[in-house]
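The block underneath contains the structure these notes are about, expressed in structure tokens.
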Amino acid sequence: PKHKRAHNINVASLNLKGIIRQQMVLDNIRKVITTLNSGVGAHDRRLILVVGTFVLSCLCVYNILTPKSLGLIRQSDYALAKTQSLGFFDNISRKDWDLMRKRVRERQNHNDKILGQRSKVLWMEVPNAWYQNNWEPDFSCKHERRIGGLGDGPKWVCDPHRIVRASQERQEKGGNGCLVYSFGSYGDIRFEQSLLEFFGPDHPCEIHVFDSDFSYADVKLPPHIIHHTWGLENSMEASNKRNFMSFQETVESLGHRNRVIDILKVDCEKCEWDTYKDWFDAPVTFMQLLVEVHGSPPVANDFFETLQRHNFVTFHKEANTHFAAGRCQEYAFLKLSPDFFS
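At position 9 of the sequence shown the residue is numbered 822 (my numbering), and the sequence of numbers has no breaks.
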């Protein structure tokens, strides 16, 4: 299989590097021995020869055994994180991963300690106060990045460099390549364009932008960004409007059944509260959810609880203080395996 061949190539590369390093050490040892031989007696020369031979033997054994064995040890140490992150994290040690699991197990979704057992519904009529006391991040991505620049519109993405590798590995196993859905850009495609630039020309990503009330006639879309002239609506209250579809209809119309969406971005001015249950009823899997929530309606707790039931952790939270004074919040979620939580 391709992944085994790749592993063998990596091991061979490690061995070659080890041989080169050891050759450099051997050359230095020879220089030292030559220097010492010029000023010592026969007995000392024999001692130097014995010690030198022993050192050389140890180096040879180290060169033969260490790269491969260390590689296997590292793979074993990283295996749990890779399995429980659905292939996303491939270099997090068991020790660090256990700490991350511990943090999620001990998370507190509501400020019950200070506000009492009904803290989850206290202050819901004042969104900025409610978000201050509920639903904080419970996970961290070491290399998360804000994609698209500063201000309103760009988004925080969990370790975007890993998306390239994960999508490539998925393709090698017969799955789809990198895929992004973006609802509600309103002509501002800084995030989508910056995402393509981050991945680079050698790793194209298929990005679908959905806007029902903005014309892209004057927007020059780069390759791999496709605009669709409809927005999201609730599948249970479908209208006869031609410029709206449910999430399920969107997936079916694009022929994306059973695909993996690497990033689902939703910024549709309150449509998140009406459509979030549809996101989990469609025949797709999304790995990261980047969503701006607007206000704190009665369904807000169920929104976050639904995400946790579907094995999502929260890796970022950011108040929109520019336009909404904290009444709107940017959230970022990552999907993990059910085993991570057990």
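Glycine residues also receive a C-beta, built at the ideal position from the N, C-alpha and C atoms.
Query	Result
Residues that H1040 bridges to, as DSSP identifies them	V1022
G962 and S1007 closer than 8 angstroms at C-beta	yes
Start and end residues, beta strand (DSSP E) containing K968	968–970
Where G1044 falls, given that 16 or more other Cβ within 10 Å makes a residue buried	buried
Short Cβ contact (8 angstroms threshold) for R959 with P967	yes
Alpha helix (DSSP H) segment containing Y1089, residue limits	1084–1092
Member of S889, K933, E919 whose CA lies at the smallest distance from the CA of P1111	K933
6 angstroms CB neighbourhood of Y944 in its chain, flanking five on each side removed	Q1142
Spatial neighbours of N1133 in its chain, beta-carbon cut-off 8 angstroms, leaving aside the 5 residues before and after	D965, E1105, G1139, R1140, C1141, Q1142, E1143
Beta-bridge pairing of E938 - partner residues as DSSP gives them	DSSP lists no partner for E938.
Span of the beta strand (DSSP E) around I1076	1073–1079
Boundaries (first-last residue) of the alpha helix (DSSP H) holding K933	From DSSP, K933 is part of no alpha helix (DSSP H); its letter is neither H nor E.
Pairwise C-alpha distance: K895 and F952	16 angstroms
Cross-strand partners of K1130 (DSSP beta bridge)	Y1144
Distance, C871 Cα to A825 Cα	A caution first: A825 carries a pLDDT of 47, below 50, which makes its placement in the model too unreliable to give a value.
Cβ-based burial, L862 [other Cβ within 10 Å; buried from 16]	exposed
Inter-residue spacing [alpha-carbon to alpha-carbon] between E982 and V1073	12 angstroms
Opening and closing residue of the alpha helix (DSSP H) in which Q921 lies	It is not in any alpha helix (DSSP H) - Q921 carries neither H nor E in the DSSP assignment.
H956, buried or exposed, once every other Cβ within 10 Å from all chains shown has been counted against 16	exposed
Terminal residues of the beta strand (DSSP E) in which V1106 lies	1098–1107
Same chain only: Cβ atoms within 6 angstroms of C1084, ignoring 5 sequence neighbours per side	L1045
Contacting residues, own chain, Cβ-Cβ under 6 angstroms from F1117 (five flanking each side not counted)	W948
8 angstroms Cβ cutoff met for R914 and F1153	yes
Assigned exposure category for R1070 - 16 Cβ within 10 Å defines buried	exposed
Distance between H1041 and F1023 (C-alpha atoms, nearest Å)	5 angstroms
Beta-carbon gap between H923 and N946 smaller than 8 angstroms	yes
Residue from I1002, A892, C954 whose Cα sits closest to the Cα of D1031	I1002
Backbone CA spacing between F1099 and F867 [nearest angstrom]	57 angstroms
Residue burial classification, A892 (beta-carbon count within 10 angstroms, cutoff 16)	exposed
Straight-line gap, L1147 to L1120 (C-alpha atoms, nearest Å)	10 angstroms
DSSP beta-bridge partners of Y994	H1021, L1077
Span separating the alpha-carbon of E1062 from that of H1107	24 angstroms
beta-carbon L1034 near the ligand ADP non-hydrogen atom, thresh 7 angstroms	Looking for the ligand ADP in the displayed structure turns up nothing, as the structure carries no ligands at all.
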